[in-house]
Structures are given as C-alpha cells and as structure tokens.
Amino acid sequence: LAANDAHSIRMTWTNPHDADFAGVLIRRSNDGTPPISAKDGVLVAALDARRTSFTESGLAAGHSYSYAVFPRDKARNVGAATTLSTATRSTNTATGLKGRLSDQEGRAIQGAQVEIRETSTGNYVAGAATSGTGQFVATGLNAGRYLICFFPTSETTGHSITGYRPGCYRQQPYGYGDTGTPVVVRAGKITSGLVDYLSVAGAISGRVTDSAGHGIANVGVSANGNDPDHGSASTTGPDGSYVITGLAADTYQVCFYSQASTGSSTTGYLDECYDRQPPYGLATPVAVTLGHVSSGINAALEVGAAITGRVSDGNGTPVPNIGVSMYGPGFGYGYSDSTGTYTITGLPTGDYTLCFDGSYTTSPEAPYGYTNTCAGGGVTVEVSAGAMSTFDATVEVAAAVGGTVTGDGGPVAGVLVSVSDSSGSVSMSVNTDENGSYQITGLAPGQVTVCFDPSYTQGGYLRACYHDPAEPDGSATPISLAAGQLSTVDIELQHGASVTGSVTDASGAPISGVFVSAYGNSQYYFAQTDESGSYTMGGVAPDEYTVCFDPSYAQGPAAGGYAAQCYDNQPSMDTATPVTVGSSGTVTVNAVLAAGAAITGRVTGSDAASLAGVYVYAYPLDTGLQVTATTDYIDGSYALRGLAEGDYNVCFDAVNVRQPAATGYVNECFDDSTMTSGTPYTVVHVAAGSVTSGIDAELSVGAEIRGRVTDSAGNGIDDVSVNALSSDGGYLGVYAYVDSTGRYQLTGLPATAVVVCFDSGPAHLAECYDDQPDASTATPIPTSSGSITSGVDAVLADAPPAD
-6 LAANDAHSIR MTWTNPHDAD FAGVLIRRSN DGTPPISAKD GVLVAALDAR
44 RTSFTESGLA AGHSYSYAVF PRDKARNVGA ATTLSTATRS TNTATGLKGR
94 LSDQEGRAIQ GAQVEIRETS TGNYVAGAAT SGTGQFVATG LNAGRYLICF
144 FPTSETTGHS ITGYRPGCYR QQPYGYGDTG TPVVVRAGKI TSGLVDYLSV
194 AGAISGRVTD SAGHGIANVG VSANGNDPDH GSASTTGPDG SYVITGLAAD
244 TYQVCFYSQA STGSSTTGYL DECYDRQPPY GLATPVAVTL GHVSSGINAA
294 LEVGAAITGR VSDGNGTPVP NIGVSMYGPG FGYGYSDSTG TYTITGLPTG
344 DYTLCFDGSY TTSPEAPYGY TNTCAGGGVT VEVSAGAMST FDATVEVAAA
394 VGGTVTGDGG PVAGVLVSVS DSSGSVSMSV NTDENGSYQI TGLAPGQVTV
444 CFDPSYTQGG YLRACYHDPA EPDGSATPIS LAAGQLSTVD IELQHGASVT
494 GSVTDASGAP ISGVFVSAYG NSQYYFAQTD ESGSYTMGGV APDEYTVCFD
544 PSYAQGPAAG GYAAQCYDNQ PSMDTATPVT VGSSGTVTVN AVLAAGAAIT
594 GRVTGSDAAS LAGVYVYAYP LDTGLQVTAT TDYIDGSYAL RGLAEGDYNV
644 CFDAVNVRQP AATGYVNECF DDSTMTSGTP YTVVHVAAGS VTSGIDAELS
694 VGAEIRGRVT DSAGNGIDDV SVNALSSDGG YLGVYAYVDS TGRYQLTGLP
744 ATAVVVCFDS GPAHLAECYD DQPDASTATP IPTSSGSITS GVDAVLADAP
794 PAD
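Here the sequence shown stands for residues -6 to 796, where the numbers follow my numbering.
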C-alpha cells in the first residue's frame, strides 16, 4: 500500500508463483467491512497476472473504504481474498503530524515508509516517506488519535548495511492491526516532536551463477523464516549478486526463482533452493543474527528447457494477450505478445500439458473472448534441457451465455449459474448480481446446459436447470452456443419446501454452530444453527431425506462438546429415520444432542517450541477405530470434543511439522510412547460430559534422511512414495513423496536405525535401500536427533512388460 491522497487509493500486492494463476479481481465497499465474496461490493478492477498494483481515483476525500483482492485461476475459480481497509486523506492541510526517524545512534534513516493508522481499527489512513534527514510529515488528517508505524523498503538507506527492522511508535512491535502508542492530532494543528528509531536487522547475501560461473541477473531470491512474519526478497544484479536486508534473527529457507532471469542460456534456468535443494521444498536452513550478513549463500542454476510458438485465430491472424501455461515435471506461464508470439523458459525436462486461455481477451472479432484449450484437455509437448521446442496454437472465437434470474416477480441476486458441456462437466460459473443478471464468456461453441443454484439466497427457491417449456419432464434442455454470439437464457425460479428445526441439549439450552445436512436420492442441502440453535434449509425439492447433525464446531454449555447424531436420535446415516418432504410447506426436524467428553492438552517440542500443525488422534479401545482428530492451535494446544465415554489411546502425528526444527519432530502416543519403543500406550479414560485435561506431549526433535530416486538412465522418477520403517520392519508413520526431479526428504525420524523403502508406479519395481528387494534385507541407516543424512538414493529397475 502506497500513500493515499484526498481522492485516490493505491494498492500493491505480490502474486503467487502458480501456473494456473490468471490475475486478480478487486472489489470495494464504502465502509470499514471488506467484501467477503467476489460478488459483494463494487467491482473496481479485473487485472491479469502481470499486474501487481492498482490505483483507484475519483474517491471522496476523508472517507473510509475497504477492498478485497481475489486471485482467480484459468478456469475462473476465485480464491480467498486479501483485504484492506483504509481511507482517503482530508483536504485540510493544516491538520497532521511530523517527526523524525533514526537508528539507535541517532543517525537519520531515509526512505522508510511511514504508515498512519486509525487507533480503533488499525486501518491505514495516510502515509509518508522519511527524508534525507529522517524527517517525515503527514497532513490532511482529520482530528483524532492515530498510530504511527515505520516500514523499511528497498529504497530505505542508512548507516546499517544489514537494513532495519520495522516497528511502531515508541518501540512497539510492527503489526498489521492496532499496534503502537496512540498520538493525538488536533484540528488545525500539526503534532510535532515525534521522534523514534528502528533496530538494526540482519541480512543474507550471495551470488547466483550458471554452471560455468557466469552471473545470472534478475533471479528472484526469497528468504522465509520460521515465524510467518519473518521474510523478505531481493533480485540479483547484473553480476548475479544479491543482498536481502531487514531480516529478523531467525533461521531462513532461501530459494531462487528464475522466471524473469537473464543470462547466457536462451532456454532459461531451473529454480532451486539453497543448497541444491528442489524448489517449493525444504531448503538447508540459513541462520541470521542482527547486525551481521550471512554471506556466501550462493546458487549455481542448471539450464532449463524452453518452448516458444505463435498463437493465432482460425484465420491465421495473431492473437495477443493469450495466457499460456504448462503443467508437467515443472510449470511455466506467460502471455502472447502483439505478434502472437510466446516463450516460456526455465522448464525441467519432460512431457508437459500446454494450455492456451483467451477467455478474458476480447477483440472486435471476439467480443466474448477466445476459448480455453485446457477445457478440452490441452496438448502434450516434450521438452529437453537446453533445447527450444516450438508449438503453434490456434484459439477459437468464444461464445457467451447471459440472462436474468427472477423470482416472485423480481430479480434474485447471488444465484450460482453454471454452464456444463455435453459430458456434464462444469465449464464455468458465476453469481447473479443485484439485478439478477449474469454473463459467462469464453465458452466453447457447441451445446451446453445452464443450471441455477439459489441455495445461498434468502428466497427459498428450488434449484433448476433451463429447460424447454415444451418438454413436460422438465429435464435440462441443451442450448447451442455460436462463436462470437451471446445466447440469452432467462429463468424464473419456483419456491420449494423448507426443512427447519432447533438443536438443543438435554436441558433445552440452544446449541449454535451445528452443521445440519439433508441427503436425498439426487439432492442434498446444508445449513448451520444460529445463536438460538435454529436452522432453516429453503428451496428443498420433494424427496425422502436423511438428516444428520454434526457438532464438531458447535458452541454450547457442555464443556466436552456434543455427540453427533442423525434423525431421530440415531448414531449414523444407516440407521437414521427418513424425513419425507413434499412439494411445498415446512417440515420440522429437531434434535437433542447428548453431552460428549473431551480431551485437551498441549504439544511442544523437546526444543521448547510450541508446535502448530500436529494432528491429534483419539482411538477407542473397544473398536480400535479413530473417533476424531484435530490440529493444535497456534500455542500448541488442542481439544478433542464430542467423544463417547470410554477408554482411548491418544496419538500425535507431526509428519507435516518441520518448524522450528527443520528436521521435524518424532511421532508419539500418550504418554511418551514412541512407535518404536514397544511400550504399551497409556490409556486415557473419559466420562460423559467431562473434560480430561493435561494430555500433553513433548515431541523429540527428529532426524532427516534425503535422497533422489531415478531410473536406469539417471532420470528422476516422480511417482514414488518413500517410507521409513524401524530396523525390524515396524511402522513409524513417516513417509514422503518425491518431487518432479525425484528428490525426497523424510523428516521426524526417531534416533535409531531406520529402513527406507521406495514404492513406485507400474513402470518400475519397488525396492528398499540399498538395492534390496524388501525391508527384511534392507540396509539400516543410523540417525540421531537433528541429524541430516544425504545421499540415500535409489535406482529403480524397469518393470517387466505386461503379459
């Protein structure tokens, strides 16, 4: 976010490294609450994947606005938004504040971003940048109380070669909410004398070269710490060198991304992480201390493959701005230029599915865009390291469908409209706007069906598909789409029946947050109870339904949660009493949930870290089946609720937890029983309605084994699962999958001798280390806490041909 002025707001963001990423949608609301869906508020921009900033102008001065930036993919699916609440500045230049920013020695810091925020919400309202003397001033503020925070950027300079850490006024920690010490600003006055300093940070430096030692420019370098708020990035210069400053004291994963790099290779370079680790995996950690540069964090990138070609329409005319994406051992994306030419570099060797998406690209010849070839399966292209492959593509002029959805004589907003092709697969979908209108572009010409789902509207309307009124059975009628044409499909929705009820405990107290589901022969519906314990499912079609109540996230007076049930007080869907729903009217289905038991505790590591992301399981002894599971919260605590009375084993699975110990943590069951100890697990007894607390775990720091799986020609195999067993073949619960280059990492291994086995797809034979047919003859690998054992590789033999 850059500084606002009286009539404009500027936003900046970082796009994901995802081949399917197509761009962003930006929606605005005129208050402090950001839009929660891609149909809320006002659409202010639809930008492609190349844009990382946007400025909205023509806004009212001194007014609050909220934004939501939604990522979207090639299929027009919309992801979770990043939100921002801010305000334009006042036109009163006599009201504001000023001060000075320095380091701890009093020396000026220049070019730091100064953020002025509301105290009540933490929302950004204005900004400035520090001058060469460290001075800053922000005017045009309304009278009130404000927070001041300082954020060093790539333009920030000072005496520290390692940069500075961000912070808020009077040495408060930097955050994105209401952190800091308030400052009072009075009407017609400039509040002055605001002096603060920033602490010295740490830094990482290195150089990125090719295999011959020549520097590679414009390589993106990222450093991500154990703390999600610790991270930064840089770009290599002409000689391949880089410096990432402003880092907190932590250990970091440093990775190198070559998408925009320039070097001697015309086919680009492969991404990797330090040191020689595959991208998007776990790199060798780099320690950073304040005031020091962790230098020599270098990379020598391998040459990649590339593909180029020309995109044209059916008449041979080049088409610009067509999104091109490749999926295979790696991924790549780009756009065709004004001549229709595209080039994607830096690809790992292998076969790729190549897709061309012009659904957002319009022209006079294609007013509704061009088709997306991925919808038809794409095409396969083989590429090899150092070689430039060529593939030309043709995109078709697309069709569109649009119309209006009404009910009770008026428009219905929020209806999900979906278009399906002849195979029944949904091609694209949108929601109707406040006028009940919709339009879906970028569709392939041909026959489609159009269906309407009003489940999330308030009208109680039935789901429906467009059908020809002349067809008495009411089944969906295909419509024909023509290239460059808009087909109109309007519909008037009809009302259905309602299923309603209340969910309480045995005392009659309401239970909120209960998930209610109703499954029929061809339809299903969902709802959730409100604070009064009530729920309603509207627009229900005539049928016989199984209604069930899931209290996993319920809120009620029972400390131990509640036991799930189906209607009428049945333990499962198999025994549930059916509920018959007619063509209209209301059917009442209530439930009284029994109080359950709960088990709570906290999971930490032997290094005293609170562990987030550990899976916690409770197994009842009478059945041996898992009852429920939950992950811990940010402080390492967990709660298993809604358990039936009985005896349980409680186990902790840390297979996905690799921070703060990069080598992971060892799985165990309560109480301190590892899966290789042979010790019977301690039984945890729970009584109905009670909470059994203190079922804690302290997981040992594990060991790591890493290696690479290849075929007889040395090519990485990407369909292999790698499992770790105890030396006697016992189950450890530690496994991994190889990446696109055949590399793997097993973390969280116990401090003992382990056996590593490789299970491949049908093209290769499975084996165990070292070149053994099974675990009984495998070579054990000794491990110790925190150790990393590399080079545990495997060369898998080809499977014999099928008979």
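Using N, Cα and C, we set each Cβ at its ideal position, and we do this for glycine too.
Got a sec? Which residues, its chain only, sit under 7 Å from Q652 by beta carbon, not counting five neighbours each side? N219
_So, for R100: in the same chain, excluding its five sequence neighbours on each side, which residues have a beta-carbon less than 7 Å away from its beta-carbon?_
G151 and H152
**Prompt:** Cα separation between A690 and V609?
**Reply:** 10 Å
For the putative contact between G429 and T399, defined by C-beta atoms under 8 Å, what is the C-beta separation to the nearest angstrom?
-> 6 Å
field: Chain-order list of residues whose beta-carbon lies under 7 Å from that of G506 (same chain, five-residue window excluded)
entry: Q521, T522, Y546, A547 and Q548
Can you find the residues in the same chain that come closer than 7 Å, C-beta to C-beta, to G362, ignoring five residues on each side of it along the sequence? G351, S352, Y353, T354, T355, A391, T434 and G435
inquiry  = Quick check: L614 and E661, are their CB atoms within less than 8 Å of each other?
reply    = no
Problem set entry | Spatially closest choice to T740 from F663, P794 and N649, by CA coordinates | N649
May I ask you to report which of helix, strand or coil DSSP gives T568? helix
Pop quiz: A584 and G494 are said to be a contact at Cβ under 8 Å. What is the actual Cβ separation, rounded to whole angstroms?
7 Å
For the beta strand (DSSP E) that D646 lies in, which residues bound it at each end? G639 to D646
| said: Give me the DSSP bridge partner(s) of E389. | reply: None, per the DSSP bridge assignment.
Continuous beta strand (DSSP E) stretch holding S227: start and end
G224 to T228
TODO: Please name the residue, chosen from Q97, G417, A359 and V317, that lies closest to L479 on a Cα-to-Cα basis.
DONE: A359
#### Entry: Those runs of the beta strand (DSSP E) which lie wholly inside the region 167 to 207 and span at least 3 residues
176 to 178, 183 to 190 and 195 to 202
Within 8 Å, strictly: CB atoms of Y728 and V679:
no
G798: which of D33, G104 and A80 sits nearest, CA to CA? The question about residue 798 has no answer here: the residues shown for the chain are numbered -6 through 796.
Query - Per DSSP, the bridge partner or partners of H488 - result: Y454
Cβ shell of S468 (< 7 Å), same chain only, five flanking positions each side left out | H460
Self-check item: Whether A611 touches L633 by CB criterion (8 Å)
Solution: yes
Open item on the list: Pull the bridge partners of D446 from the DSSP assignment, please.
Closed with: L409
Subject >> Status (buried if at least 16 other CB within 10 Å, exposed otherwise) for T364 >> reply: buried
Same chain only: Cβ atoms within 8 Å of L134, ignoring 5 sequence neighbours per side | R82, S83, N85, T88, G89, L90, I109, V118, A119 and V178
Exercise for review: Tell me, please, which residues DSSP counts as bridged to C248.
Suggested key: S215 and C266
Taking the beta strand (DSSP E) that H678 belongs to, which residues open and close that run? V677 to V679
* To do: Output the distance between the C-alpha atoms of V201 and S227, rounded to the nearest integer angstrom.
  => 12 Å
Comparing C-alpha positions only, which one of S331, L240 and A292 sits nearest to L283?
L240
Practice problem: Compare the Cα-Cα distances from L191 to each of F542, F144, D66 and T184 and report the closest residue. | Solution: F144
Apart from the five residues just before and just after G261, which ones in its own chain have a Cβ nearer than 7 Å to its Cβ? S251, S254, G297, A299, T338 and G339
Cβ-based burial, E111 [other Cβ within 10 Å; buried from 16]
buried
Please say whether A216 and G208 have beta carbons closer to each other than 8 Å? no
- Examine the Cβ distances between the region 572 to 590 and the region 528 to 537 and report whether three or more of them are shorter than 8 Å. yes
C-alpha distance - A(-5) paired with I2, whole-angstrom precision
Caution applies to A(-5), whose pLDDT of 47 falls short of 50 and renders its modelled position unreliable; the model cannot decide the point.
ask   = Can the beta-carbon of S329 be found closer than 8 Å to that of Y320?
value = no
What is the C-beta distance between D203 and A293, in whole angstroms, given that I count them as a contact (C-beta under 8 Å)? 7 Å
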